[in-house]
């Protein structure tokens, strides 16, 4: 089973982490370590046990065939505590950046004498580096996303509402082979595009709009992420100028993507370009992030990120310029870090405005 | 501003909670108390401050016009700590069932001498009772969901895949006036319907299938929730039998819905019906839950729920029978508790199989 190696590597770190068991509670880590995509926790000591409930029994049997599956009737806490005690655990690691204060206290009361060890960013480092199967799934999700972009562009016309377009994107994602949209699609026209995370509304697209589309398909849990800004007619001088700055910022950032480089230095390559063009204040978010079982995961590509790029990482590179009242432009590609540099996996076309 | 009264009522509880400020971190509570639907935290002492980031500046100004909005560049922690110190807080409440162990520890380090007070289920009791505007929005979301059900039923035919149908549901939800689907739609045909929380797959519907549909529109953050099980031809004797038991269980549970009744007693009304029919083991989840800014919120309607029904509550009533290999039947309506009993808000038709 493909997840067995991941669990084995985690177990090898038990001494270093000073634990003899780990409770995994976050959805993405449970899925990474067991293959199970429903709601539940995993308990890992000498064995691996998946604790879920009656809603997910059949899915657990299907997705995690080699594991012990316990379908709880009562509280998650009671089943997990019982399991840990029977396993003889003495120091139990938990996800301190996922488990809530109350859930941790509840677990502690149940475990009595057994120690609870807060673990930070469990599996973050492991999940940052994708294996061959993960890269394949991500390539497929990205290709489906690119195909959906191509399909919706054909139909793009003034008069469509943002929500209509968002819906069409989601339909095209499924037609292109994705399981669905991995996050709520952003469709923002005209002044709405100045809002980096706009929600699609009832506003109708106009001929003069910047239309910002940010969406992505998900495939077996793996997330693509694409942003394009498109124009419904020949762009104005200002639209061309802003678009060109963003495109150049992205180009320089991608050129900086190679093993050994810090996340903040890739961010700086884009940020400096935008600042030099006089729009520094208008790039109000980090440059990008890793993608995988979560739409946002390690490494970070913000202006303080100390993450070091390594082969096998997939990251978004998404600079933007947002001008209140006027609108915004963002371009986002996904890049795979390779031993010698990087490969841009996103193939959706961009405008070449010189 | 409509949220001001909610904040005022929370402030009135500060003495009882032994705090002079509260940090609100959960999305639904931030929205409930400020109107803001993006990512951010609210700090409430004598004033209310919304802390978000550059991605949401415009949305915050639009949705929370009366509030102080701080767009952070650095960490959430630093801005919140600074704000609390300047406000002179001495005991700060936080959402102990939302904030992670790490986030709480980080906040504590920043606050140094200032006390941190864990609060459980902040706003749960307040949010359980809907005000007139909330009931109106929920009625609209439910009506859109019913309309979408009617529309997809017209097209239902063997050969459609589950994912096709899920996509069509989401399209119809928007056409019917919802902002979108409030949660991933469940479409499960034939044996897949035995899985209470099945994900739609590539399986094609067959003439003999039970087809279980569980979906709901969301409107301005308020969630509808509907389950129907439909047949593509005249149901078999077994399908009729199971459907009738579930329908009778739901009928008895709804008859039990009135002010003063415990959640567990409503659950029991359905569960006893199903047990008497010989299918007790096959009803593997709680009877229902409150709906509102979250798809699952208080009150609970599980077999141990001590929540007391009160006028203004909206709850789902959703018994089911799931038989591995054969399939499942679930029916779900939303019910509004009224001063004298209840009103079934869901109007989507059910089969009358006597």
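Protein chains in written order, with our numbering: chain A, 1 to 354; chain B, 1 to 354.
Using N, Cα and C, we set each Cβ at its ideal position, and we do this for glycine too.
The C-beta of residue 158(A) has fewer than 16 other C-beta atoms within 10 Å across all chains shown, which makes the residue exposed. By the Cβ neighbour-count rule, residue 37(B) is buried, with 16 or more other Cβ atoms within 10 Å of its own. With a threshold of 16 other beta carbon atoms within 10 Å, residue 200(B) meets it and is buried. Against chain A, the CB of residue 222(B) has no partner CB under 7 Å away; the residue lies outside that interface. For residue 255(A), the closest C-alpha among the options 246(A), 266(A), 132(A), 262(A) is that of 266(A).
Excluding residues up to 5 positions away in sequence, 134, 137, 138, 141, 292, 293 lie with their Cβ nearer than 7 Å to the Cβ of residue 222(B) in the same chain.
Residue 32(A) is positioned such that its CB atom lies no closer than 7 Å to that of residue 196(A). Contact of residue 196(B) with chain A by beta-carbon distance below 7 Å involves 54, 55. Residue nearest to residue 75(B) within the set 203(A), 304(A), 283(A) is 304(A) (criterion: CA-CA distance).
Less than 7 Å separates the beta-carbon of residue 106(A) from that of residue 77(A). Taking a Cβ-Cβ cut-off of 9 Å, the neighbours of residue 59(B) in chain A comprise 195, 197, 198, 199, given in sequence order.
Here residue 49(B) has 42, 43, 67, 68, 69, 70, 83 as same chain residues with Cβ atoms under 8 Å from its own Cβ, once five neighbours each way along the sequence are excluded.
Against chain A, the CB of residue 152(B) has no partner CB under 7 Å away; the residue lies outside that interface. Shown here, residue 274(B) sits in a helix according to DSSP, grouped into three states.
Residue-level contact check: residue 246(B) does not touch chain A, since none of the beta carbons of chain A fall below 7 Å from its beta carbon.
The beta-bridge partner set that DSSP reports for residue 100(A) consists of 100(B).
Residue 261(B) and residue 287(A) have their C-alpha atoms spaced approximately 53 Å apart.
As the crow flies, the alpha-carbon of residue 352(A) is around 13 Å from that of residue 331(A).
Interface criterion not met: the Cβ of residue 289(A) is under 7 Å from no Cβ in chain B. Neighbours of residue 104(B) in chain A, taken as residues at a C-beta separation under 7 Å, are given in chain order as 101. Per the coordinates, the alpha-carbon of residue 119(A) lies some 45 Å from the alpha-carbon of residue 257(B).
The DSSP-derived three-state label of residue 306(A) is coil.
For residue 20(A) against residue 89(A), the beta-carbon gap comes to about 5 Å, under 8 Å, which counts as contact. Against chain A, a Cβ distance below 9 Å from residue 296(B) picks out nothing, because the smallest value is about 11 Å. DSSP places residue 210(B) in the strand class (E or B) of the three-state scheme. Close to residue 38(B), with beta-carbon spacing below 8 Å, are these residues of chain A in chain order: 197.
The count of Cβ pairs closer than 8 Å, one atom from the segment 269 to 278 of chain B and one from the segment 312 to 321 of chain B, reaches three, so the stretches are in contact.
Around residue 22(A), no beta-carbon contact reaches into chain B at under 7 Å, the shortest distance being about 15 Å. In chain order, 254, 257, 258, 335, 336 place their CB closer than 7 Å to the CB of residue 342(A), counting only its own chain and leaving out the 5 sequence neighbours on each side. Residue 229(A) sits buried, since 16 or more C-beta atoms from the chains shown fall within 10 Å of its C-beta. Assigned with DSSP and collapsed to three states, residue 130(A) falls in coil, not helix or strand. Distance check between residue 113(A) and each of 327(A), 91(A), 7(A) places 91(A) closest, using alpha-carbon atoms only. By the criterion of a C-beta distance shorter than 8 Å, residue 339(A) is surrounded in its chain by 259, 311, once the five residues flanking it on both sides are discounted. For the pair residue 346(B) and residue 190(B), the Cα-to-Cα distance works out to about 25 Å. The beta carbon of residue 118(B) falls within 7 Å of a beta carbon belonging to chain A, placing the residue at that interface. At a cut-off of 7 Å between C-beta atoms, residue 167(A) counts as an interface residue with respect to chain B.
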